[in-house]
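Following this note's numbering, the numbering of the sequence shown begins with 153 at its first residue and continues without gaps. A virtual CB, placed ideally from N, CA and C, is assigned to each residue, including glycine. Step one of this worksheet: look at the structure below.
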Amino acid sequence: MRNINKIVKDPNSIVTVGVFDGVHIAHQEILRRMKEEKLKTGARTVLVTFDPHPQEVLHPNEKFYILTTIDERIELLSDYDLDIIFVVNFTPEFSNITAEEFCKEIMLGRIGLRKVIVGYNHAFGKNREGNPEKLKGFGEKYGFEVELIPQLLVENNPVSSSKIRSILNEGNVRLASKLLGRYYFINGVVVKGSGRGKELGIPTANIEPISLRKLMPKNGVYVVRVTIDRKHYFGLMNIGYRPTFELDSERVAEVNIFDFDEEIYFKHIKVEFIDRLRDEMKFPTPRELVEQIERDKKDAVKLIEKEFSVIF
153 MRNINKIVKD
163 PNSIVTVGVF
173 DGVHIAHQEI
183 LRRMKEEKLK
193 TGARTVLVTF
203 DPHPQEVLHP
213 NEKFYILTTI
223 DERIELLSDY
233 DLDIIFVVNF
243 TPEFSNITAE
253 EFCKEIMLGR
263 IGLRKVIVGY
273 NHAFGKNREG
283 NPEKLKGFGE
293 KYGFEVELIP
303 QLLVENNPVS
313 SSKIRSILNE
323 GNVRLASKLL
333 GRYYFINGVV
343 VKGSGRGKEL
353 GIPTANIEPI
363 SLRKLMPKNG
373 VYVVRVTIDR
383 KHYFGLMNIG
393 YRPTFELDSE
403 RVAEVNIFDF
413 DEEIYFKHIK
423 VEFIDRLRDE
433 MKFPTPRELV
443 EQIERDKKDA
453 VKLIEKEFSV
463 IF
């Protein structure tokens with residue numbers, strides 16, 4: 153829902169609030185607890201999220217990339233048996249609502265509230281003034297419970313959307329997948345490229361991301377799984393500027409899909425990042441580039457056969 157007027161007030165509601173960018177394993181723990189409480193008490197579960205991401209609105213001149221578009225977020229959240237996903241249009245005006253106003257007028261007044269479940273460091277309201285202690289204070293004042301989900305660590309890394317962004321910017325998609333609880337993915341459309349890959353005997357599909365706001369991992373060569381028309385394939389993805397040839401002025405994402413020879417221009421494609429093989433490199437000749445790609449493919453096939461029990 154995007155219109156609060158369409159939400160029927162129900163005081164027997166368990167509410168969680170947050171951007172939930174990435175829907176990572178710490179978010180999933182909140183969602184698991186919501187589901188448990190729903191089964192135990194019969195309460196309605198309501199998740200309040202925001203679009204666009206507050207950072208994009210509050211700091212419009214800064215480069216900020218998201219882990220999931222709102223449509224991707226809703227699709228991931230839909231696996232958790234929530235009764236309502238309420239998407240708030242985050243505007244500069246909305247950002248001026250104080251923490252107490254948000255609790256009293258929106259959560260209590262419009263949605264109805266029995267219990268709030270949020271992360272240990274949840275911040276909300278104008279200038280992020282609301283914190284867990286204030287939330288507990290509001291709970292005592294207005295008569296609702298507050299449950300805080302403790303911090304999660306993976307390989308000594310705190311699980312958070314900002315940490316995952318940092319890890320992806322380093323190219324460590326393997327570690328990012330552990331914090332996400334799934335492979336990081338991008339959705340896009342296959343568009344016409346230069347045709348250079350086909351000339352080299354290694355045809356590639358050029359991908360135009362559905363959202364330019366979505367974070368693309370560090371330049372380099374990745375082992376990926378792709379989904380086209382609900383069928384899964386594996387391949388190699390290169391992200392970068394193709395330095396062996398004349399440098400592209402724009403960053404390009406292209407994937408060589410193994411054992412695949414179909415016309416897929418303008419089709420939707422989903423790419424999941426399994427592991428990173430190497431940096432993007434400049435080769436003295438196109439032939440040496442092709443030889444390196446063949447070595448990359450052998451490494452990728454070994455990894456895929458081991459991880460997915462697939463035989464090539």
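Inter-residue spacing [alpha-carbon to alpha-carbon] between Gln207 and Ser247: To locate residue 207, count along the sequence shown from 1; it is residue 55. To locate residue 247, count along the sequence shown from 1; it is residue 95. One C-alpha to the other measures close to 11 Å.
Entirely enclosed beta strand (DSSP E) segments - the region 233-302, minimum 3 residues: 236-241, 267-271, 297-301, all fully within the region 233-302.
DSSP-derived helix/strand/coil call for Val453: Against the sequence shown, residue 453 aligns to sequence position 301. If DSSP states are grouped into helix, strand and coil, Val453 belongs with the helices.
Residue of Cys255, Glu415, Phe238, Ile269 minimising C-alpha distance to Glu189: As a first step, residue 189 is located in the sequence shown; it is residue number 37 there, counting from the start. Out of Cys255, Glu415, Phe238, Ile269, Ile269 has the C-alpha closest to the C-alpha of Glu189.
Reference Arg196; option with closest CA among Val167, Glu181, Glu224, His176: Along the sequence shown, read from residue 1 onward, the residue named residue 196 stands at position 44. Minimum Cα distance to Arg196 is reached at Val167.
For His420, the first and last residue of its enclosing beta strand (DSSP E): The count along the sequence shown starts at 1 and reaches residue 420 at position 268. That run of the beta strand (DSSP E) goes 420-430.
Neighbourhood of Leu228 by C-beta distance below 8 Å, restricted to the same chain and skipping five residues each side: Within the sequence shown, residue 228 is the residue found at index 76, counting from 1. Leaving aside the five residues that flank Leu228 on each side, the residues in its chain whose CB is nearer than 8 Å to its CB run, in chain order, Val175, Thr220.
Phe296 beta carbon less than 8 Å from that of Arg266: Stepping through the sequence shown from its first residue, residue 266 is reached at position 114. Stepping through the sequence shown from its first residue, residue 296 is reached at position 144. Yes; because the gap between Cβ atoms is below 8 Å, this pair is in contact.
From Glu360, Tyr417, Lys370, residue whose alpha carbon lies closest to that of Leu429: Within the sequence shown, residue 429 is the residue found at index 277, counting from 1. The option with the nearest alpha carbon to Leu429 is Lys370.
Selection from Val239, Glu285, Lys422 that minimises the alpha carbon distance to Tyr385: Residue 385 sits at position 233 when you count from the first residue of the sequence shown. The shortest C-alpha separation from Tyr385 is found at Lys422.
Enclosing beta strand (DSSP E) for Leu99 [first to last residue]: Residue 99 lies beyond the residue range present for the chain, which begins at 153 and ends at 464; the question has no answer from this structure.
heavy atom of the ligand FMN below 7 Å from His274 C-beta: Of the ligands one can find in the structure shown there are none, so the ligand FMN has no counterpart to examine.
Identity of the residue in Leu287, Pro355, Gln444, Leu320 nearest Tyr417 by Cα: Here residue 417 corresponds to residue number 265 of the sequence shown, with the count starting at 1. Selected option, being the one with the closest Cα: Pro355.
Whole-angstrom distance between Leu327 and Ile319, CA atom to CA atom: Position 167 of the sequence shown holds residue 319. Position 175 of the sequence shown holds residue 327. Rounded to the nearest angstrom, the two C-alpha atoms are 7 Å apart.
Supposed contact pair Asn358 and Val343 - C-beta distance, whole angstroms, cut 8 Å: Indexing the sequence shown from 1 puts residue 343 at position 191. Indexing the sequence shown from 1 puts residue 358 at position 206. At roughly 5 Å, the Cβ-Cβ gap stays under 8 Å, so Val343 and Asn358 are in contact.
Start-to-end residues for the beta strand (DSSP E) that takes in Val167: As a working note, residue 167 is residue 15 in the sequence shown. Element bounds for Val167: 165-169.
Exposure label - Asn390; buried when at least 16 CB within 10 Å: Sequence index remark: in the sequence shown, residue 390 carries index 238 (1-based). By the neighbour-count rule (16 or more Cβ atoms within 10 Å), Asn390 is buried.
Meets three-Cβ-pair contact criterion under 8 Å: the region 299-311 and the region 404-413: Segments in contact, no.
Whether Ile159 touches Arg262 by CB criterion (8 Å): By 1-based counting over the sequence shown, the position of residue 159 is 7. By 1-based counting over the sequence shown, the position of residue 262 is 110. In this structure, Arg262 lies closer than 8 Å to Ile159 by Cβ.
Close-in-space but distant-in-sequence residues of the same chain around Phe107 (CB under 7 Å, 5 per side omitted): This structure leaves residue 107 out entirely; the chain is present only between 153 and 464.
C-beta atoms of Arg185 and Glu292 nearer than 8 Å: For this step, residue 185 is matched to residue 33 along the sequence shown. For this step, residue 292 is matched to residue 140 along the sequence shown. Not a contact, by the Cβ cut-off of 8 Å.
Contacts around Gln303, its chain only, beta-carbon distance under 7 Å, and the 5 residues preceding and following it disregarded: Walking along the sequence shown from the start, residue 303 turns up at place 151. Excluding the 5 residues flanking it on each side, Gln303 has same chain C-beta neighbours closer than 7 Å at Tyr272, Pro310, in chain order.
Short Cβ contact (8 Å threshold) for Val375 with Asp427: Residue 375 sits at position 223 when you count from the first residue of the sequence shown. Residue 427 sits at position 275 when you count from the first residue of the sequence shown. Taking 8 Å as the Cβ cut-off, Val375 and Asp427 qualify as a contacting pair.
For Met186, three-class secondary structure by DSSP: On the sequence shown, position 34 is the one that residue 186 refers to. DSSP places Met186 in helix when its eight states are reduced to three.
Beta-carbon proximity of Lys366 to Ile338, cut-off 8 Å: Walking along the sequence shown from the start, residue 366 turns up at place 214. Walking along the sequence shown from the start, residue 338 turns up at place 186. Yes, they are a contact pair.
Proximity below 8 Å, CB of Val112 to CB of Gly387: A query on residue 112 cannot be resolved here, the shown segment of the chain reaching from 153 to 464 and no further.
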